[in-house]
Structure formats: C-alpha cells, structure tokens
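Novice: Once you've had a glance at the structure underneath, I'll fire off some questions.
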Amino acid sequence: MFNRLMFALFSLLCLAANAQAEATRGQPIALLTENFPPYNMAVDGKNFATDANIHGIAADLVREMFNRAGIPYSLTLRFPWERIYKLALEKPGYGVFVMARLPEREKQFKWVGPLGPDDWILLARAGSTIKLESLAQARRYKIGAYKGDAIQMSLSEKGMHPVIALRDQDNASRLKSGEIDLWATGDPAGRYLACQVGITDLKTVLRFNSASLFLALNKSTPDDVVARLQKALDELRSQGFVDEVMGRYL
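Counting in my numbering, the sequence shown runs from 3 upward without gaps.
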C-alpha cells in the first residue's frame, strides 16, 4: 500500500513538472538585464529600458542568439541587480544576463554561454604607490565594490568588508577622490565605466580572478530550449559574429 502511494505521488510530481515545462515552452522568455557596460546598457543611460533601447556586447549577442534559435523573448533593463536576479531565480519563464557562473550558483539556473570574459581586478589611482602580489595584501586598504555582484560577494565571503556602492561607476569617482584606496571591479567593464565618467588614468594593481559571463535561465526552462540557444551561440562564435560584436564596443 505504501509503495503504491509513493508511486502515485511520484507520478503526480512528474506530471506537474512536465506541465510546467510545457507551459514554459513556446512562451516568450522574459529576459532581464542591468546597466553593466559594455555588456548591457540603456541607450539613454537610465535604469529602465526595453527592447531597442538596450544595447551592448551581451545584449546584441542575446538578441541574435534568440532570433537564430527561433525562440520568442522580451528584453527589459531595470534596477537593482538583486531584484532581477531574484525574479530569474524564482519565476518560470525568466532569465537574466550577464551573470558570472559561480559554483554556488551552478544548480540554481540553467546556463547559456559564455557571452564574454570578466576578469576581476583591483584598480588604483594613477599616482598610487600601492603594490600587491596577492588579494590578502589588499586587506589593509579601503576597497570599493558594487553591491550584490559576484566580486563583492566573493570579497565579503573572504571577510574583506568592501565599501558598497549601488552603482559600480560611482566607485570610479570615489577612487579618484580618495574615498577608497582600491576599486574591485571587472575588466573590461570597470575601465569602460570609468571612461564614461571621464576617468582614464587608473592602473591595475592586481588581477585576482578570471570569470566568464553567461545567460542564466530559470531552472524550469525546458532543456531543448537551452540546447537550441547554446547551439545558436556556438554557431555565432564559429562564424566570427562574437568577435564582430566585441569590436563594436571595445
């Protein structure tokens, strides 16, 4: 009797999962992103944009990837990162980009990529005398980081207590003014952001990690949808389209 009940329960769970997958299949995937130049950004620099008002390396790649795979989608840029991350994590039919594919996130999403590199660096003012050979040596300095992103999370997990900014480009100005000693950011994203606020004389004092950026899809996304998107991206890369898009912005 117990075995029959367990089998019936297992069958119901499978049916529910299949029903959810079928409901997701064929429906537009709601893609969310943030201002993270040069990978994704609003044309007018605002913290909300849709469709054609969003551009950047990853935005251009994702559009072409979905179009080639024949998968419908909508595209929205909004703020803050923590909100769109939570939506993609919890709501079927949602995805978010660009996201570092970290071990602690691996089983939380389904992944398509990579869309580009994101080395982690510590930047200092041009005249700074700071010299570092390891991340541990940076503990004595005041480090600025962007709230909620992978770099800030990694530093916090190491007990480094970075100074948090709600916008990563604010760290460039804080570094220039001396409010912080170092800026923990991505490369090329950090340098691009600094240039946007007129700051070009920063120097790299440490390159402490290499990461790749991906499209992260809600776990309910059907596997065949993920496979079609990955196949489309692989084709774009082999045909030189990824290098072409990189060249537009870097």
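Note that CB positions come from ideal geometry on N, CA and C, so glycine has one too.
From a predicted model like this one, the values you see are computed outputs, not experimental measurements.
Alpha carbon to alpha carbon, how far is G97 from T78?
Specialist: If you number the sequence shown from 1, residue 97 lands on position 95. If you number the sequence shown from 1, residue 78 lands on position 76. Straight-line Cα distance between these residues: approximately 11 Å.
Novice: Relative to the alpha-carbon of Y143, which residue among L125, D245, G72 and A102 has its alpha-carbon at the smallest distance?
Specialist: As a first step, residue 143 must be located in the sequence shown, where it is residue number 141. Selected option, being the one with the closest Cα: L125.
Novice: Span of the alpha helix (DSSP H) holding S240?
Specialist: What you label residue 240 is simply residue 238 of the sequence shown in a count that begins at 1. Per DSSP, S240 belongs to the alpha helix (DSSP H) from D225 to S240.
Novice: Any contact between the segment 201-209 and the segment 133-140? By contact I mean 3 or more CB pairs, one from each, below 8 Å.
Specialist: The segment 201-209 is in contact with the segment 133-140.
Novice: Closer than 8 Å by C-beta to E237: which residues in its own chain qualify, once you throw out the five before and the five after it? Chain order, please.
Specialist: Numbered from its first residue, the sequence shown carries residue 237 at position 235. Close CB contacts of E237 within its chain, under the 8 Å cut and outside five residues either way in sequence, are with R70 (chain order).
Novice: Thinking C-beta only, is L34 closer than 9 Å to I86?
Specialist: Locating residue 86 in the sequence shown gives position 84, where the first residue counts as 1. Locating residue 34 in the sequence shown gives position 32, where the first residue counts as 1. It is a contact, given that the beta carbons lie within the stated cut-off.
Novice: Shortest alpha-carbon distance to K88 belongs to which of A51, A218 and D245?
Specialist: Position 86 of the sequence shown holds residue 88. Minimum Cα distance to K88 is reached at A218.
Novice: Touch check for the segment 221-229 and the segment 52-70: three-plus C-beta pairs under 8 Å?
Specialist: no
Novice: Beta strand (DSSP E) containing G97: first to last residue?
Specialist: Taking the first residue of the sequence shown as position 1, residue 97 is located at position 95. Taken as a continuous stretch (DSSP letters only), the beta strand (DSSP E) holding G97 covers Y96 to A102.
Novice: Short of 7 Å in beta carbon distance, which residues of its chain neighbour Y1, apart from the five on each side in sequence? Order them along the chain.
Specialist: Since the displayed the chain opens at 3 and closes at 252, residue 1 lies outside it and no answer follows.
Novice: Could you work out which residue in N55, W122, K93 and D46 is closest to L215 when comparing CA atoms only?
Specialist: In the sequence shown, counting from the first residue as 1, residue 215 sits at position 213. When only C-alpha atoms are compared, the closest one is W122.
Novice: Does the segment 143-154 come into contact with the segment 162-176, if we say contact requires no fewer than three beta-carbon pairs (one atom in each stretch) closer than 8 Å?
Specialist: yes
Novice: Excluding the five sequence neighbours on either side, which residues of its own chain have a C-beta within less than 6 Å of the C-beta of V100, listed in chain order?
Specialist: Stepping through the sequence shown from its first residue, residue 100 is reached at position 98. Excluding positions up to five away in sequence, the list reads Y41, A60, L117 and L215.
Novice: Do you know offhand how far S175's Cα is from D245's?
Specialist: Here the question's residue 175 lines up with position 173 in the sequence shown. Here the question's residue 245 lines up with position 243 in the sequence shown. Their Cα atoms are separated by approximately 31 Å.
Novice: Run through DSSP, which three-state label would R209 get?
Specialist: As a position in the sequence shown, residue 209 is number 207, starting the count at 1. Of the three classes helix, strand and coil, the one that applies to R209 here is strand, per DSSP.
Novice: Is the beta carbon of L204 less than 9 Å from the beta carbon of R193?
Specialist: Along the sequence shown, read from residue 1 onward, the residue named residue 204 stands at position 202. Along the sequence shown, read from residue 1 onward, the residue named residue 193 stands at position 191. Yes, the pair counts as a contact, with Cβ atoms nearer than the cut-off.
Novice: Given a threshold of 16 other Cβ atoms within 10 Å of its Cβ, counted over all protein chains shown, does A44 qualify as buried or as exposed?
Specialist: Locating residue 44 in the sequence shown gives position 42, where the first residue counts as 1. Burial is judged here by how many other beta carbons sit within 10 angstroms of a residue's own beta carbon; A44 has at least 16 and is buried.
Novice: Just to confirm the assignment, what range does the beta strand (DSSP E) spanning I31 have?
Specialist: The residue given as residue 31 occupies position 29 in the sequence shown. Counting along the chain, the beta strand (DSSP E) containing I31 begins and ends at I31 to T35.
Novice: By how many angstroms is the C-alpha of P30 removed from the C-alpha of E108?
Specialist: As a working mapping, residue 108 is identified with position 106 in the sequence shown. As a working mapping, residue 30 is identified with position 28 in the sequence shown. Near 24 Å, if we compare the C-alpha coordinates of P30 and E108.
Novice: Mapping the DSSP letters down to three states, classify D121 as helix, strand or coil.
Specialist: Here residue 121 refers to the residue found at position 119 of the sequence shown. Collapsing the DSSP output to three states places D121 in a strand.
Novice: Can you tell me whether DSSP reads S76 as helix, strand or coil?
Specialist: Locating residue 76 in the sequence shown gives position 74, where the first residue counts as 1. Reduced to three states, the DSSP call for S76 is strand.
Novice: Which residue comes first and which comes last in the alpha helix (DSSP H) that contains Y148?
Specialist: Residue mapping note: residue 148 aligns to position 146 of the sequence shown, counting from 1. Element bounds for Y148: not the alpha helix (DSSP H) but the beta strand (DSSP E), I145 to Y148.
Novice: So the alpha helix (DSSP H) V165 belongs to, where does it begin and stop?
Specialist: In the sequence shown, counting from the first residue as 1, residue 165 sits at position 163. No alpha helix (DSSP H) holds V165; the beta strand (DSSP E) holding it covers V165 to A167.
Novice: Thinking C-alpha only, which one of V199, A186, G242 and L195 is nearest F2?
Specialist: This structure does not reach residue 2, given that the chain is present from 3 up to 252, and the question cannot be answered.
Novice: Rounded to the nearest angstrom, what separates A152 and L91 at their Cα positions?
Specialist: Translated into positions along the sequence shown, residue 152 becomes position 150. Translated into positions along the sequence shown, residue 91 becomes position 89. Their Cα atoms are separated by approximately 15 Å.
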